[in-house]
Amino acid sequence: MQTSSDRHEYPAHWEADVVLRDGGTARVRPITVDDAERLVSFYEQVSDESKYYRFFAPYPRLSAKDVHRFTHHDFVDRVGLAATVGGEFIATVRYDRINADGLPASAPADEAEVAFLVQDAHQGRGVASALLEHIGAVARERGIRRFAAEVLPANSKMIKVFTDAGYTQKRSFEDGVVRLEFDLEPTDRSLAVQRAREQRAEARSVHRLLAPGSVAVIGAGRAPGGVGRSVLSNLRDAGFTGRLYAVNKALEEKELDGVPAHRSIRDIAEPVDLAVVAVPAPHVPEVVAECGEHGVQGLVVVSSGYAESGPEGRERQRELVRHARTYGMRIIGPNAFGVINTSPDVRLNASLAPEMPRPGRIGLFAQSGAIGIALLSRLHRRGGGVTGVTGVSTFVSSGNRADVSGNDVLQYWYDDPDTDVALMYLESIGNPRKFTRLARRTAAAKPLVVVQGARHGGAAPQGHAVRATRLPHATVSALLRQAGVIRVDTITELVDAGLLLARQPLPAGPRVAILGNSESLGLLTYDACLAEALRPLPPLDLTTGASAEDFRSALSEALADDACDAVVVTAIPAVGETSAQDAALAEALRSASASAPAKPVLVVHVELGGLAQALSAAASTAPQAAATAPGAVGGAHPPPVSASPEREDPHPPAERLPTAGAVAPQPPAVTATPPDSRLIPAYPAAERAVRALAEAVNYAQWRRDAAEPGRVPEFDDIDEKGAARQIDGLLERGEGLTLGPEETCVLLGRYGIDVRRALPAPTPDEAVAAARTLGYPVALKTTAPHLRHRADLGGVRLDLADEEQLRRAYAELTELFGTPQELRPVVQGMAPRGVDTVVRAVIDPAAGAVLSFGLAGAASELLEDTAHRLIPVTDRDATSLVRSIRTAPLLFGWRGSAPVDTGALEELMLRVSRLVDDHPEVVAVSLEPVVVAPHGLSVLGATVRLARAPVRDDLGPRTLPVY
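Next up, the structure:
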């Protein structure tokens, strides 16, 4: 695309799709010599005022010289980028490298002048802000560290683009022009601004898909049945509040079941916001083009035949995304089950679900249509063993998630006032770094419960193209929990936890009161609490003759007890129990729980036909936040709505039929219940109730800890610059370098990590000489890969007090395991006795830098007893890391042993974290073993691996992923 005189090839990696402020998309790419006509056409559509602001003078048209200048770039000192929609320019930005006098220059000059021009019709969409992020990243890549821009004072919009970016700036006014200078090094503020813009834009893009004013179903057939016709019927039956259209090339009719019908979306006179595409895959490109030209904002593609079908389908899927983004549209799918929004202002069921879920406060996301059906069924029909209804705010089934993913939906849910609990079924995570970041922010505001499918298969489903991670599933789960995600293993646990979190306040601690009319059920609940690390109080047996009033009195007393944080009520049916008795018991429990709105209450029932339904009758699905004071109901939630379990379909067929004008009639208004009403979840098994409660307890503790997240400490003795020089020098040897012992000790020493000296001992005499140098007693150990760190195999001899013992040990090792050349023996001074541990850090290409900790030895490896945290690690992270492994009691004086110096261990982990965070070229560190004594510790072995720093896309400009 560029001429031979250009200094660099076309930088294809600068191409990106971005989401704009209004939720639409645009393509950002370098400007080339082939763009002359596009540039001229673009300039002709810019107003005279905008041209004046750009050139500081009337400039009605571009000269041939201007066109040549603005399309010929060397991609180093002169760079131009364009934002395009439908292949046409909507905005441009360029920089020119300058010297200190403001004249054109080349490297090493590190300043450039930058200028923008945005088409008037697209101003206010955040195009300039997105282009500034991308041109800034390009400039940093080319060695430019500072931008300068001259802006007329009246051009307040462009001044705001620069000042709001968050970079460190200098501003001056001279000769009637505002001059802005700003460093391009990202700052905490610039990163925060970028991420806030990202959240608003991506949330808006999902909102456009979930709350459209009009929907066209493309592929709706004449005959009932079929995917398109089913979606059309579901939209109509749900009472969609906007305009609805049926589209099919074969249609001759003007209406289809009362819905206006057209042969092409082009024939629809009004705007269409959302198109549901249900045509065979080969016909989808034509449909996408027609939708794009008609101005459709988004697509739900339920058609199959894409990446799930093999390599050919994967390429078809990529082309689908490229084609849609060309027109600024986002896609849910392909191979999607659909989307649902139960808001009474929308009532959108653009899915294959035949029934509209009840309105509620739970958001659902599922990558699998089958799992989506199961989730909706369990929540809608009181299924899954947890009786009592609940409601859904929004539901998204992403299918192959070629474009819109769980990350986008999290952005939407974060500030969605209609969603208080988020449930997600994930089979793959396309961008783990971003997901972890968004999950942490979301979890700080509302519970996020996740179940992962394909955990043990080792690969994502065929339709999902995601980057690979070397981390095992257990590590990924630990990192998600660190981010506040409630990670469960099954769909049943997902629903169990979600219902509790949607219905009850978060517990203030792990203390659980247990009461009920069955001693055995109470004991089962008690044991389940202990198994989940809760602190149960002795169960209170009310006996089988307990009345509703007995339950009310006992529950009120338990909730009033300051030693109780939550209550589990166990109940079995009495002989001949009636529905009236069920209702009386339910009312008694609700009445008692209302007296302590800050404490959760759960019920474990055994075949109580009416109790669970009575507990959930006419009660809210809105979650109750913990009260801040006794008697105060926390949380600013909308008034709860009634959800009668006796009525499976609140909208009978007679109420569903839309008018010929395609605007469906509104459903009857839902009736609000009193604000103090409270839904009590009921579970058929003690283990399920207690497991859900334990997840709520752990999440509540995470929320409290997240309020004070800790800090990354500074260490005065760290030599960061010296380490950088050493790393640069070592990497000149090549990629993938494992450092030698001396280089490792020097590098770690720059960060205050001392490795106990070990001297090679290729012969018995050299072993004796090494021992004299180090001083007795010493250890003799092999460093051969198959014996390294395996004291259990006999490759280590400890406490050798003199030369005789050393020579005898040397002879034993060589006789048992092989020649010195095979064993690579070393001699090392003895360290103080303590607990052997392992500290590791690794940079995973998908998840980022991870710090791991565990005890040394085969037993810990066998049990996978290792804890993990994302780097950078805070002081609180280090403290929790030490205590989160199952074998942690060995560090704190188990069975009368001396407690070890965990403070020194935490400091060591913080120093390793700083090393990897400061120098991303350090891609792996392993300290093994680290012997932690009652006073201090000793690092006996260390390895460090270097490589060129991997690209961190989470720190770059906003861009949509390409799978």
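Once you know that position 843 of the sequence shown is 843 in our numbering, the rest is easy, because the numbers rise by one and skip nothing. Positions of the beta carbon are idealized from the N, C-alpha and C atoms, including for glycine.
Straight-line Cα distance separating residue j from residue i
i: L816; j: L774; result: 26 Å
i: R243; j: V279; result: 21 Å
i: G749; j: R824; result: 24 Å
i: D562; j: H919; result: 50 Å
i: H605; j: I572; result: 6 Å
i: A966; j: G545; result: Absent from the model: residue 966. The displayed extent of the chain is 1 to 963, so no value can be given.
i: A548; j: E493; result: 30 Å
i: E519; j: Q367; result: 43 Å
i: E742; j: M830; result: 19 Å
i: V177; j: L274; result: 45 Å
i: I265; j: E290; result: 7 Å
i: H13; j: E293; result: 28 Å
i: V18; j: L960; result: 6 Å
i: A586; j: I429; result: 42 Å
i: V690; j: L500; result: 11 Å
i: G588; j: D550; result: For clarity, residue 588 is Ala in the given sequence; the question names Gly instead. Near 9 Å, if we compare the C-alpha coordinates of D550 and A588.
i: I871; j: A307; result: 34 Å
i: R125; j: E202; result: 13 Å
i: R590; j: V697; result: 21 Å
i: G86; j: R322; result: 11 Å
Close Cβ partners of residue i (< 8 Å) along its chain, the five nearest in sequence each way excluded
i: V746; result: Q726
i: P357; result: I340, T342, L376, L379, H380, G391, V392 and F395
i: F162; result: L132, A149, V151, Q169, L180 and F182
i: P652; result: Confidence at P652 is low in this model, with a pLDDT of 33, below 50, so the placement of that residue should be treated as unreliable; the coordinate-derived value is given next. No residues qualify anywhere along the chain.
Beta-carbon contacts of residue i that lie in its chain and below 6 Å, excluding the five residues immediately before and after
i: R503; result: L679 and P681
i: G736; result: A947
i: I268; result: Y245 and H262
i: R140; result: L184
i: S860; result: G854
i: L521; result: T570
i: E198; result: R958
i: V923; result: I843, R945 and A947
i: P760; result: V826
Close beta carbons around residue i, own chain, < 7 Å, minus the five adjacent residues each side
i: R38; result: E88 and F89
i: P271; result: S214 and G295
i: S190; result: A165, G166 and Y167
i: P11; result: P30 and F75
i: C529; result: V512, P536 and V690
i: G631; result: Unreliable placement is indicated for G631, whose pLDDT of 32 sits below 50; no coordinate value is reported for it.
Beta-carbon proximity check, residue i vs residue j, cutoff 8 Å
i: L180; j: V151; result: yes
i: R361; j: T419; result: yes
i: G484; j: A443; result: yes
i: R869; j: Q482; result: yes
i: A64; j: D35; result: no
i: A688; j: D496; result: Looking at the sequence itself, residue 688 is Arg, so the reference to Ala does not match. Taking 8 Å as the Cβ cut-off, R688 and D496 qualify as a contacting pair.
i: R840; j: S926; result: yes
i: V302; j: V277; result: yes
i: Y412; j: H207; result: yes
i: V227; j: L117; result: no
i: R204; j: D22; result: yes
i: R97; j: D77; result: yes
i: M424; j: F365; result: yes
i: L480; j: A422; result: no
Interface flag, residue i vs chain B, CB-CB below 8 Å
i: P597; result: In the structure shown, chain B does not exist; there is a single protein chain.
Whole-angstrom C-beta distance between residue j and residue i, which should lie under 8 Å
i: A867; j: A478; result: 7 Å
i: L320; j: V300; result: Not really, about 13 Å apart at Cβ, beyond 8 Å.
i: Y95; j: A112; result: 4 Å
Residue i: CB within 7 Å of a non-hydrogen atom of the ligand GDP
i: I718; result: The ligand GDP is not part of this structure, which contains no ligands at all.
The stretch 439 to 451 touching the stretch 226 to 241, judged by at least three CB pairs closer than 8 Å:
no
Inter-stretch contact (C-beta, 8 Å, three-pair minimum) for the stretch 20 to 29 and the stretch 122 to 131:
yes
Could you check whether the stretch 681 to 691 touches the stretch 872 to 883, counting it as contact only if at least three pairs of C-beta atoms, one from each stretch, sit closer than 8 Å?
no
Three or more C-beta pairs below 8 Å linking the stretch 401 to 411 and the stretch 342 to 356:
no
Stretch-stretch touch, CB-based, cutoff 8 Å, three pairs: the stretch 535 to 550 with the stretch 510 to 517:
yes
Check whether the stretch 893 to 910 touches the stretch 928 to 944, taking contact to mean three or more Cβ pairs, one atom from each stretch, closer than 8 Å.
yes
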